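Each residue of the sequence shown is one higher than the one before, starting from 3 at the first, in the working numbering.
Right, one structure below, let's go through it.
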Amino acid sequence: MSYWMDTAPAPARRPPLTEDTEADVAVVGGGIAGLVTAWELARAGRGVVVLEAGRIAAGVTGHTTAKVSALHTRIYGRLLRTRGPEGARLYARSQQDAVERVAGIAAELAVDCDLERLPAYTYVTDPAEAGALRAEAEAAREAGLPAAFTTGTGLPFPVAGAVRVEHQAQFHPRAFLLALADDLVARGGRIHEDTRITGLTEGEPCRLTAEHGPTVTARDVVVATHYPVFDRGGHFARLAVHRELVVAAPIPAEADPHGVYLTEEEGTRSVRTAPYGDGQRLLIVTGEKFTPGTGGDVPARFERLADWARSRFPGIPGGVITHRWAAQDTDPTDTVPLVGRLHPGARHVYVATGFGGWGMSGGVMAARLLAARLTGGDLPWAELYDSTRLWSAVREAPAFLGHQARTGKHWLGDRLRTPRAGSADTVAPGTGAVVRVGGRPCAVYRDEEGTVHAVSARCTHLGCLVAFNAAETTWECPCHGSRFAVDGRVLQGPATRPLPPREP
Ligand code: FES
3 MSYWMDTAPA PARRPPLTED TEADVAVVGG GIAGLVTAWE LARAGRGVVV LEAGRIAAGV
63 TGHTTAKVSA LHTRIYGRLL RTRGPEGARL YARSQQDAVE RVAGIAAELA VDCDLERLPA
123 YTYVTDPAEA GALRAEAEAA REAGLPAAFT TGTGLPFPVA GAVRVEHQAQ FHPRAFLLAL
183 ADDLVARGGR IHEDTRITGL TEGEPCRLTA EHGPTVTARD VVVATHYPVF DRGGHFARLA
243 VHRELVVAAP IPAEADPHGV YLTEEEGTRS VRTAPYGDGQ RLLIVTGEKF TPGTGGDVPA
303 RFERLADWAR SRFPGIPGGV ITHRWAAQDT DPTDTVPLVG RLHPGARHVY VATGFGGWGM
363 SGGVMAARLL AARLTGGDLP WAELYDSTRL WSAVREAPAF LGHQARTGKH WLGDRLRTPR
423 AGSADTVAPG TGAVVRVGGR PCAVYRDEEG TVHAVSARCT HLGCLVAFNA AETTWECPCH
483 GSRFAVDGRV LQGPATRPLP PREP
């Protein structure tokens, strides 16, 4: 369980939608982007309803590392090349605006969410890469951030170089969002949990249909479901999904490096800490990035990450890891989030997605942008993030082609490939496998007690074959990252329908 889920237990369930209703704006998705959008709109006097398939602040947002930063690895050098100096400046301004907005909301609502202001770092240990980080520091500084190149980071191991940006933040995302949700309701907003939206009719007004029948009629709709559940803008071709593992363990307070850190080395490693009782901090380390469904031996990946944490931070008492979880991110092929109209012809439906690993600042940036749009204004960076922006061959071609090749390999290959014939008898307790039963691909999991759970192995989104993740006991789709429980329930979209049961 994530530390955030563990330490901000779920409040009473908010009631599912049980009858047809109306609102000025309907927000689909109760993560940080959806909740803050709804809150900003309610604060501006709009009637809003939030529709969440599960529990609010419990999906991707409940499993983030919760760094709130405008320093996004090495994006400023890239933005200078692809969007020019003005694009880089607008990106920096919009992301720093989001960092300040989080701090402002926490202060306005007097939320105790462990918000801490501190520097953010992108670092390398390979001396050959130090020059590139020196250039990135210059690009970030030109973009308007308080950035500098340094070799002193506070980390308990040497680095060859780092970009340091002051005035960034970290917080407890669920403590923040659950308080914000209470304030949203106090302002007249409505939140319905356990309400999966499966239908969207665009028009004036728009109409949303819940899986169990009731409808919501709204002038405007915001789709903030991480990966969009309604993809009418071809976003699936521009979004790659990845999963990252997280381990956490207490360290002595004096070992706190006092910053948030990221390196792309070793398959990415991210470090931050959080308050953790007397004389201690909780060290949170993230890494081992992989495409869902292709992670191979995920338990071994967890061990590799835990070993890295123990070796770099020897103060972990007994080397004991107290929390393990996984985060999921969507990466746009040109690295800039997609925020705006759902598709070029959309007049009242909006989308917010593609925050990469930076969903806290990105989600709040999107909320600010969409709330401004829906209340008659526009922010200076609306065009930068325009979700219907024309593709640029220069800035997107390599990532786009790579993503299409990987997805196409699964989408087409999974239709041609026949899983090995087999039966549940071949699946050992505690493991899962895709086998062909009666000519059809079947996802078979045998629990530790020996009970077999069998469902279709065809993802209900676009039909790729799912694969088993032994560390999380889930089925994952490599094409767009949908995740399913072993009984077929949807844990994460874009799929909205469960994997149907099969006779093993
Ligand atoms: Fe798209 Fe599975 S998530 S096919």
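Yeah, the Cβ is synthetic: ideal placement off N, Cα and C, and Gly gets one too.
As the structure is a computational prediction, the values presented were derived from the model and not from experiment.
Straight-line gap, residue i to residue j (C-alpha atoms, nearest Å)
i, j, result
"Glu110", "Leu182", "10 Å"
"Met367", "Gln170", "14 Å"
"Tyr78", "Val224", "29 Å"
"Arg312", "Pro18", "44 Å"
"Gln282", "Arg91", "38 Å"
"His260", "Ala150", "17 Å"
"Ala276", "Gly434", "35 Å"
"Arg460", "Leu467", "5 Å"
"Arg57", "His214", "16 Å"
"Thr428", "Val446", "10 Å"
"Gly64", "Gly89", "31 Å"
"Arg166", "Ala348", "40 Å"
"His174", "Val70", "10 Å"
"Ser96", "Ala40", "19 Å"
"Ile318", "Val287", "12 Å"
"Val51", "Arg343", "19 Å"
"Val436", "Pro496", "21 Å"
"Tyr5", "Glu206", "43 Å"
"Val161", "Ala142", "19 Å"
"Glu290", "Val248", "9 Å"
"Leu37", "Ser425", "45 Å"
"Gly49", "Leu210", "16 Å"
Residue environment, residue i, which counts as buried when at least 16 other CB atoms sit within 10 Å
i, result
"Ala250", "buried"
"Gly432", "exposed"
"Ala242", "buried"
"Val439", "buried"
"Asp128", "exposed"
"Gly365", "buried"
"Thr265", "buried"
"Gly1", "In this structure the chain extends from 3 to 506, so residue 1 is not present and cannot be described."
"Arg15", "exposed"
"Val322", "exposed"
"Asp258", "buried"
"Phe232", "buried"
"Met3", "exposed"
"Thr293", "buried"
"Phe159", "exposed"
"Gly465", "exposed"
"Ala456", "buried"
"Arg240", "buried"
Closer than 8 Å: residue i CB and nearest the ligand ADP heavy atom
i, result
"Leu111", "With respect to small molecules bound, the structure shown includes the ligand FES and not the ligand ADP."
Start-to-end residues for the beta strand (DSSP E) that takes in residue i
i, result
"Arg192", "Arg192 to His194"
"Gly434", "Thr433 to Val439"
"Ser458", "Val454 to Ser458"
"Glu204", "Neither: Glu204 is in no beta strand (DSSP E) and is coded neither H nor E."
"Glu24", "Thr23 to Val30"
"Pro443", "Arg442 to Arg448"
"Arg189", "From DSSP, Arg189 is part of no beta strand (DSSP E); its letter is neither H nor E."
Residue interval of the alpha helix (DSSP H) (run including residue i)
i, result
"Ala354", "Note, Ala354: premise wrong, no alpha helix (DSSP H); beta strand (DSSP E) at Val351 to Thr355."
"Ala384", "Ala384 to Tyr387"
"Gly366", "With the sequence shown as reference, residue 366 is identified as Val, and Gly is not the correct amino acid for it. Segment Gly361 to Leu376, the alpha helix (DSSP H) holding Val366."
"Arg45", "Ile34 to Arg45"
Checklist entry - Which parts of the stretch 300-333 are runs of the beta strand (DSSP E), unbroken and 3 residues or longer, counting only runs that do not cross its ends? => result Counting only unbroken stretches of 3 or more residues, no beta strand (DSSP E) element lies wholly within the stretch 300-333.
Checklist entry - Could you name the residues, in chain order, whose CB is less than 5 Å away from a heavy atom belonging to the ligand FES? => result Answer in sequence order: Cys461, His463, Leu464, Cys466, Cys479, Cys481, His482 and Ser484.
Checklist entry - Which full runs of the beta strand (DSSP E) of 3+ residues lie inside the stretch 225-312, going along the chain? => result As far as the stretch 225-312 is concerned, its whole beta strand (DSSP E) runs of at least 3 residues are 241-254, 262-265, 271-277 and 282-292.
Next on the checklist: Give the list of continuous beta strand (DSSP E) stretches no shorter than 3 residues that lie fully inside the stretch 84-163.
Outcome noted: Runs of the beta strand (DSSP E) inside the stretch 84-163: 118-126 and 149-152.
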